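Here's the structure we're looking at; comments come further down.
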Amino acid sequence: MNNPYKNSRLRRLKRKSKLRYCIALLVGLPKFIVWLISLLIPRRATAKLMKWLSVLLMPFKRFVEFPRLWLSTRPWKLLLWALPLIATFAWVLSNTFLANNQTDDQKFGDYRKSLLSAAGTGDYEKAEFMSGKLFMSKAFGRDAQLLFAAMIAANENGNMPRRNVLLDRLTKELSYAPAHVWYARWLLSTGGGSNESFSQAIGHMNAAVKSSERPDDVRVQLASMYSQSGRQQKAIEILKEISDPDPPVLLMLSKTYLMVDDKDSAADVAVKLKNQLLLDDPEHKRFIPERIELYSILIDLPGAYDGVEESLGKLAESLERRVALNPKDEKLQGQLAMTNLVMANALLDKYDSNQRHKALRYLEKAMSNDQVAYAVSRVIHSLTELSASGSLSDVKIRAALADGEGVSVAHLLLGLSAWEKNLANEAKLHFDLAFSLEPASLMIAEYCALISAGSASAENAGAFRFSIQNEPIWNRSLRLLDLLQEIDESSMERNLHVRCLILADQQQWSTILDLLEPRLDSATEKYRPIFLRLLANAAYQAGNTKLAERYRNLLKEELEQQK
Numbered sequence: 001m002n003n004p005y006k007n008s009r010l011r012r013l014k015r016k017s018k019l020r021y022c023i024a025l026l027v028g029l030p031k032f033i034v035w036l037i038s039l040l041i042p043r044r045a046t047a048k049l050m051k052w053l054s055v056l057l058m059p060f061k062r063f064v065e066f067p068r069l070w071l072s073t074r075p076w077k078l079l080l081w082a083l084p085l086i087a088t089f090a091w092v093l094s095n096t097f098l099a100n101n102q103t104d105d106q107k108f109g110d111y112r113k114s115l116l117s118a119a120g121t122g123d124y125e126k127a128e129f130m131s132g133k134l135f136m137s138k139a140f141g142r143d144a145q146l147l148f149a150a151m152i153a154a155n156e157n158g159n160m161p162r163r164n165v166l167l168d169r170l171t172k173e174l175s176y177a178p179a180h181v182w183y184a185r186w187l188l189s190t191g192g193g194s195n196e197s198f199s200q201a202i203g204h205m206n207a208a209v210k211s212s213e214r215p216d217d218v219r220v221q222l223a224s225m226y227s228q229s230g231r232q233q234k235a236i237e238i239l240k241e242i243s244d245p246d247p248p249v250l251l252m253l254s255k256t257y258l259m260v261d262d263k264d265s266a267a268d269v270a271v272k273l274k275n276q277l278l279l280d281d282p283e284h285k286r287f288i289p290e291r292i293e294l295y296s297i298l299i300d301l302p303g304a305y306d307g308v309e310e311s312l313g314k315l316a317e318s319l320e321r322r323v324a325l326n327p328k329d330e331k332l333q334g335q336l337a338m339t340n341l342v343m344a345n346a347l348l349d350k351y352d353s354n355q356r357h358k359a360l361r362y363l364e365k366a367m368s369n370d371q372v373a374y375a376v377s378r379v380i381h382s383l384t385e386l387s388a389s390g391s392l393s394d395v396k397i398r399a400a401l402a403d404g405e406g407v408s409v410a411h412l413l414l415g416l417s418a419w420e421k422n423l424a425n426e427a428k429l430h431f432d433l434a435f436s437l438e439p440a441s442l443m444i445a446e447y448c449a450l451i452s453a454g455s456a457s458a459e460n461a462g463a464f465r466f467s468i469q470n471e472p473i474w475n476r477s478l479r480l481l482d483l484l485q486e487i488d489e490s491s492m493e494r495n496l497h498v499r500c501l502i503l504a505d506q507q508q509w510s511t512i513l514d515l516l517e518p519r520l521d522s523a524t525e526k527y528r529p530i531f532l533r534l535l536a537n538a539a540y541q542a543g544n545t546k547l548a549e550r551y552r553n554l555l556k557e558e559l560e561q562q563k
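Position 102, counted from 1, in the sequence shown is what the UniProt record's numbering calls 102; the numbers after and before it change by one each time, with no gaps.
See below:
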């Protein structure tokens, strides 16, 4: 056996083409390795071995010779030009082969994911386009989740024929519970409160109860529909059918009992819920909103449970520790503020003046949170002489101020009281002090002005439409906003928003347009959509439909930019 790399043929190939020479070297490498091994074996044994190997390798010799012959005789330049066509042809053949051997799930899986993702993010045009692609496949004809997403997309895009076809398939053929629930809610929202629409909605909800894997969840929604339509007794019956009610269900049942003025049953359910929460979660880690609302109910049910203040105190301490560990968690901060507000309401119901003074301290803790600011404003409004149901006199408020309890709230209350008495300078002094202690005080005062104007605009307000000085109360509220803006000019946008809400309640549409149009371009990202919404409504109410449409388009563009 000779060295395969030392032959005249390989030398000639080296002179003709370097590329073919390199390929020939690679092809001859196995033979070279065999030659090296043969040097270690005696010549006679090597001859016998090569003879047997040549016999064994005879079928494979053609496979080696053919590529070598093909490589040595091809016109490489022409082959290089044809390479894109060959690659394209290979790609088409491979895709055709894969497509014919894929299932529908493999073929259309990406379309399905895109449809569900688009429907979940509100891109209904894309979702409906994807659904059209998927309807070509029979495999998805019974995919209830996919059909449900396609139905919602068709409804949002106004494609009612497709929506109705999909709805019939989901409700009649597949009996898909979420589709029954969705259509029931749609009937109630578009039926105008008619008995026929309500009956159809209840029929679909009952069908959802039968077909759902979690019927108790559907029963809760059914009870909510009955309760909202004024049929509380039926709602109570449905809620009592739930075998193992969780805290939200028990809370809903207690509130429904209160709607029918059955305070004894409401108290029994509330106490049962309190005991269940105490047993299942003594560390106050879960069901925080339910706990807060439960304690609000127990406050309104005297004698049902005497330890409301103590329980609220423990809940507040638990939330304060969690907020200290997660200072940026807005949800926890809102829950803590609401707990403090409920505690303040509980203490305000006490006859002891010391307890009422402590209530001001809890109001002060709650007022700085935007999530409960309006609720705090309603409580503070009820404590001032701006309301006919004032619970604290100026003397008692000054006593609380002397005790150091809720100082900023006390100054805020005294400022509102002074404003009602037309003592503008004294009111400004107290507002200044309240603002220096707690910047959120002015926001609460603005909301109090809004509440006062709204109460005076009610149909049953009667003589209370006017203040003691025979001036419309809504106009006095606007002047109060002027005073508050002098104290803090940085809150001009919030002040302007409240002012426009009061003017809208009085149907002063042209005034709203005059106020907001000059400030629209300089509005911040937070208030620009709010101002555009107010402008669109004011222009429409004023009869200028073109201007209203222009503001609606601007609002749509703004919301898309802020996504």
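Ideal Cβ placement from N, Cα and C applies to all residues, glycine included.
Every value quoted in this text rests on a predicted model; they were computed, and no experiment measured them.
Leaving out five residues before and five after Y5 in sequence, what residues of the same chain have Cβ atoms less than 8 Å from its Cβ? Annotation for Y5: L25, G28, F32 place their beta carbon closer than 8 Å to its own, counting only its chain and skipping 5 residues before and after.
What is the DSSP secondary structure of P302, counted as helix, strand or coil? Coil at P302, not helix or strand.
Go through the stretch 306 to 350 residue by residue and report every complete run of the alpha helix (DSSP H) that reaches 4 residues or more, in order. For the stretch 306 to 350, whole alpha helix (DSSP H) runs of length 4 or above, ordered along the chain, are 308 to 325, 330 to 348.
Expressed to the nearest angstrom, what Euclidean distance is found between the alpha-carbon atoms of L239 and A427? Linking L239 to A427 through their CA atoms gives a straight-line distance of about 51 Å.
Are L535 and L559 close, meaning C-beta to C-beta below 9 Å? With contacts defined by Cβ atoms closer than 9 Å, L535 and L559 do not form a contacting pair.
Quick test of your reading: S254 and A270, contact by CB under 8 Å. State the CB separation rounded to the nearest angstrom. In this structure S254 touches A270 by the C-beta definition: roughly 5 Å separates them, less than 8 Å.
Q333 classed as buried or exposed, judged by whether at least 16 other C-beta atoms fall within 10 angstroms: For Q333, the number of other beta carbons within 10 angstroms of its own is at least 16, and it is reported as buried.
Across the stretch 495 to 508 and the stretch 430 to 439, are there enough close Cβ pairs to call them in contact, namely three or more that are closer than 8 Å? Too few Cβ pairs lie closer than 8 Å, so no.
Can the beta-carbon of F135 be found less than 9 Å from the beta-carbon of A179? No.
Do you know how far the Cα of A177 is from the Cα of A207? Roughly 7 Å separates the two Cα atoms.
What are the boundary residues of the alpha helix (DSSP H) that includes I238? Annotation: the continuous alpha helix (DSSP H) that includes I238 extends over 232 to 240.
Distance, Cα to Cα, L341 vs V376? C-alpha separation (whole angstroms): 7 Å.
Which of the three DSSP states, helix, strand or coil, is assigned to E420? Judged by DSSP in its simplified three-state form, E420 adopts helix.
Please confirm whether D370 and G454 have their CB atoms less than 9 Å apart. No, Cβ-Cβ distance for D370 and G454 is not below 9 Å.
Could you check where the alpha helix (DSSP H) with D394 kicks off and where it finishes? Unbroken alpha helix (DSSP H) run through D394: 394 to 403.
What three-state label does DSSP hand L6 in the structure shown? Checking the sequence, you will find Lys at residue 6 rather than Leu. Three-state DSSP puts K6 in coil, outside helix and strand.
Taking a contact to mean a Cβ-Cβ separation below 9 Å, would you say K144 touches L170 in this structure? Note that residue 144 is Ala in the sequence shown here, rather than Lys. It is a contact, given that the beta carbons lie within the stated cut-off.
For residue 565, which of helix, strand or coil comes out of DSSP? Residue numbering for the chain in the displayed model covers 1 to 563; residue 565 lies beyond these limits and cannot be assessed.
Please report the distance separating the alpha-carbon of F60 from that of L53. Cα atoms of F60 and L53: separation of roughly 11 Å, rounded to the nearest angstrom.
On the three-pair Cβ rule with 8 Å, is the stretch 146 to 161 touching the stretch 115 to 129? Output reads yes: the stretch 115 to 129 touches the stretch 146 to 161.
I'd like the list of long-range same chain contacts for D349, defined as Cβ closer than 7 Å, with 5 residues on each side in sequence excluded. If we look at D349 and ignore the five residues flanking it on each side, its Cβ neighbours are I299.
Where does F531 land, buried or exposed, given buried means 16+ other C-beta within 10 angstroms? Counting every other CB atom within 10 Å of its CB across the protein chains shown gives F531 a total of 16 or more, marking it as buried.
Is the distance from the Cβ of A399 to the Cβ of S441 below 9 Å? Taking 9 Å as the cut-off, the beta carbon of A399 is found no closer than this to the beta carbon of S441.
Does DSSP put residue 601 in a helix, a strand or coil? Because the chain is modelled from 1 through 563, residue 601 falls outside the range shown and cannot be assessed.
Option in E283, R231, G303 with minimal Cα separation from D264: Nearest neighbour of D264 by Cα position, chosen from E283, R231, G303, turns out to be G303.
Check the C-beta distance from V308 over to A346 and give it rounded, since I have them as a contact under 8 Å. About 6 Å; that satisfies the 8 Å criterion.
Residue from L520, D521, T511 with nearest C-alpha to A538: Out of L520, D521, T511, T511 has the C-alpha closest to the C-alpha of A538.
I need the boundaries of the alpha helix (DSSP H) containing Y374, first residue and last residue. For Y374, the enclosing alpha helix (DSSP H) starts and ends at 373 to 383.
Report buried or exposed for residue 581, applying the criterion of at least 16 other Cβ atoms within 10 angstroms of its Cβ. Absent from the model: residue 581. The displayed extent of the chain is 1 to 563, so no value can be given.
Short of 7 Å in beta carbon distance, which residues of its chain neighbour L416, apart from the five on each side in sequence? Order them along the chain. Hits under 7 Å: T384, L386, A445, C448.
Anticipated Cβ contact below 8 Å, M225 with L188, distance rounded: For a cut-off of 8 Å, the C-beta gap from M225 to L188 is around 7 Å, short enough to register as a contact.
Residue interval of the alpha helix (DSSP H) (run including K358): In the DSSP annotation of this structure, the continuous segment of the alpha helix (DSSP H) that includes K358 starts and ends at 353 to 367.
With distances taken Cα to Cα, identify the nearest neighbour of E364 among H357, V379, V409. V409 is the residue among H357, V379, V409 whose C-alpha sits nearest the C-alpha of E364.
For V218, three-class secondary structure by DSSP: Looking at V218 - three-state DSSP - the assignment turns out to be helix.
Identity of the residue in S477, V218, Y362 nearest H204 by Cα: Taking each of S477, V218, Y362 in turn and checking the Cα distance to H204, the smallest one comes out for V218.
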